[in-house]
Amino acid sequence: YTVIAHLKEPFAPYVEALASHGIQPKHLYDGTDIATNPVNSKPVGTGPYKFKEFVEGDHITLEKNPDYYGGESNIDTVIFKIMPDANARVLAVQSGEVDFVSATFLDAAQVGTLKGDKNLTLFNGNLPSTMTLFFNAAGDGPTSNADVRKALYTAMDRDAIADNAYYGTAIPSRGPIPAAITWAASPKVDFNKEYAHDSDKAEKMLDAAGFPKGANGKRFDINIRTSGSFATYVATAESIKSSLEKVGVGVNIIAEDLNVFVDGVYTKHEFDMAIMAFGSYEDPSLGVSRLYVCNPNSAAFRNPTGMCDAQIDEAFQNAATTVDRDQRAKYFEAAEMRSSELMSTVPLVDDQALSLVRNDRWANTDEFIGKVFLDWSVLRAN
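The opening position of the sequence shown corresponds to residue 57 in our numbering, with each subsequent residue numbered one higher.
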């Protein structure tokens, strides 16, 4: 009935971190290689549903858990369909084949198509997602120069990204920490003011950085890599390309399979700029800091820029190991202010993380969507 955790050092968001992880029976892992244990594909849990089967590339099936401590669910079976094609997902929703699509798999470009459907309820996720741009700060290209990075960011029209790539469902980012995390977002940091979109100013900054226009009107060419699996990612890259070409910077968009993207950006570091959306989680020490602190082992879905800065690492470390929230806010402020000087990892827009559920087939949807982690047990069939 009581669990006591002894930590090696204080970790402020420990409860938030624990809440997003499952607890597995120890005896199923004793004496095994955790990474290759077959239980990983047949998880054991104590929730309203229990695992039934996983068909790779097709679906995962859960069935009602009659021993669930919260009471028996009204739904017998939950099937998670694996559908990589965005258009196929929309068609499946419209036809009634699919009842729910999470924000991770709902492109903003599709929201306009689905918004008018009275049988669908669109709702905001409780935690924002930030479209993030990484500059290669460790290579020998122009983006290794902080002044160039600042100029390129100034040239990017983030309002256009929010309006066109996200169809008005996003807002330009005020800084590394989303504005929705009010207690941690510093009032002293506002990228929309410090680096307000200004093509003329960006041109002057590039001139001062030693990159004047050549006879052909170009300063240099760079590439931007992203995952082609998401229309919003590609649309964001196209908006950036349009902005930078106005200041004499040629942009080559490389939209590729996610696995190829991860290898090229995180393992091989073959990029000038790369974009991807990341969830903030409940605390900046969980979802934000990983994109800014040093990543010497080139771990995926962290900071691939090659930037290792003692000040920003220390600020994020102190924020994670300090329990007092007011003091943590000061450390986060220091991290944000230092980030505004480095500009190697930069936020573009914060989206509302829209998800949808069919309301013609299911009742009690308000309670279903009222939590960070969706409670499938409360849904009731109409």
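Positions of the beta carbon are idealized from the N, C-alpha and C atoms, including for glycine.
Owing to the predicted nature of the structure, the values given are computational and were not obtained by experimental measurement.
| Query | Result |
| --- | --- |
| In chain order, each beta strand (DSSP E) run of at least 3 residues that lies wholly inside the stretch 82 to 135 | 105 to 111, 115 to 120 |
| Within the stretch 309 to 345, ranges of the alpha helix (DSSP H) (whole runs, at least 4 residues) | 314 to 318, 340 to 343 |
| Proximity below 8 Å, CB of residue 230 to CB of residue 218 | no |
| Extent of the continuous alpha helix (DSSP H) run through residue 349 | That residue, residue 349, is in no alpha helix (DSSP H); it is neither H nor E in DSSP. |
| Meets three-Cβ-pair contact criterion under 8 Å: the stretch 141 to 156 and the stretch 411 to 428 | yes |
| Nearest-angstrom beta carbon gap, residue 139 and residue 210 [assumed within contact, 8 Å] | Not really, about 39 Å apart at Cβ, beyond 8 Å. |
| Nearest candidate by alpha-carbon position, reference residue 384, set 252, 315, 238 | 238 |
| Cβ pair residue 104, residue 433 closer than 8 Å | yes |
| Secondary structure, beta strand (DSSP E): runs of 3+ residues fully inside the stretch 144 to 218 | 176 to 180, 185 to 191 |
| Three-state secondary structure (DSSP) of residue 435 | coil |
| Validate contact between the stretch 259 to 275 and the stretch 301 to 320 using beta carbons, cut 8 Å, 3 pairs | yes |
| Nearest candidate by alpha-carbon position, reference residue 134, set 106, 389, 189 | 106 |
| Pairwise C-alpha distance: residue 250 and residue 311 | 30 Å |
| Residue from 144, 243, 247 whose Cα sits closest to the Cα of residue 406 | 247 |
| Residue 189 beta carbon less than 8 Å from that of residue 344 | no |
| Endpoints, the beta strand (DSSP E) within which residue 226 is located | 226 to 228 |
| Own chain, CB closer than 7 Å to residue 73, minus 5 neighbours either side, in chain order | 342 |
| Beta bridge counterpart(s) of residue 64 as assigned by DSSP | Partner(s): none; residue 64 has no beta bridge. |
| Nearest-angstrom Cα separation, counted from residue 400 out to residue 193 | 6 Å |
| Candidates 204, 316, 296, 235: closest to residue 268 by CA position | 204 |
| contact_flag[the stretch 278 to 287, the stretch 318 to 333] where n(CB pairs < 8 Å) is 3 or more | yes |
| Local Cβ density within 10 Å of residue 316, reported as buried at 16 or more and exposed below that | exposed |
| Residue 410 and residue 178 closer than 8 Å at C-beta | yes |
| Proximity below 8 Å, CB of residue 228 to CB of residue 215 | yes |
| Beta-bridge pairing of residue 420 - partner residues as DSSP gives them | Its beta-bridge partners do not exist; DSSP assigns none. |
| 7 Å Cβ shell around residue 326 - same chain, five flanking residues per side excluded | 320 |
| Where residue 269 falls: helix, strand or coil (DSSP) | coil |
| Proximity test, residue 335 beta-carbon vs the ligand FMN heavy atom, cut-off 7 Å | The ligand FMN is not among the ligands present in this structure, which contains no ligands whatsoever. |
| Helix, strand or coil at residue 238 according to DSSP, with G and I counted as helix | coil |
| Beta-carbon proximity of residue 425 to residue 394, cut-off 8 Å | no |
| Span separating the alpha-carbon of residue 361 from that of residue 191 | 6 Å |
| Where residue 283 falls: helix, strand or coil (DSSP) | strand |
| For residue 292 and residue 236, believed in contact at Cβ under 8 Å, the rounded distance | Not really, about 20 Å apart at Cβ, beyond 8 Å. |
| Sequence-distant residues of the same chain with beta carbon closer than 6 Å to residue 350, five excluded per side | 364, 369 |
| Own chain residues within Cβ distance below 7 Å of residue 381, not counting five before or after | 239 |
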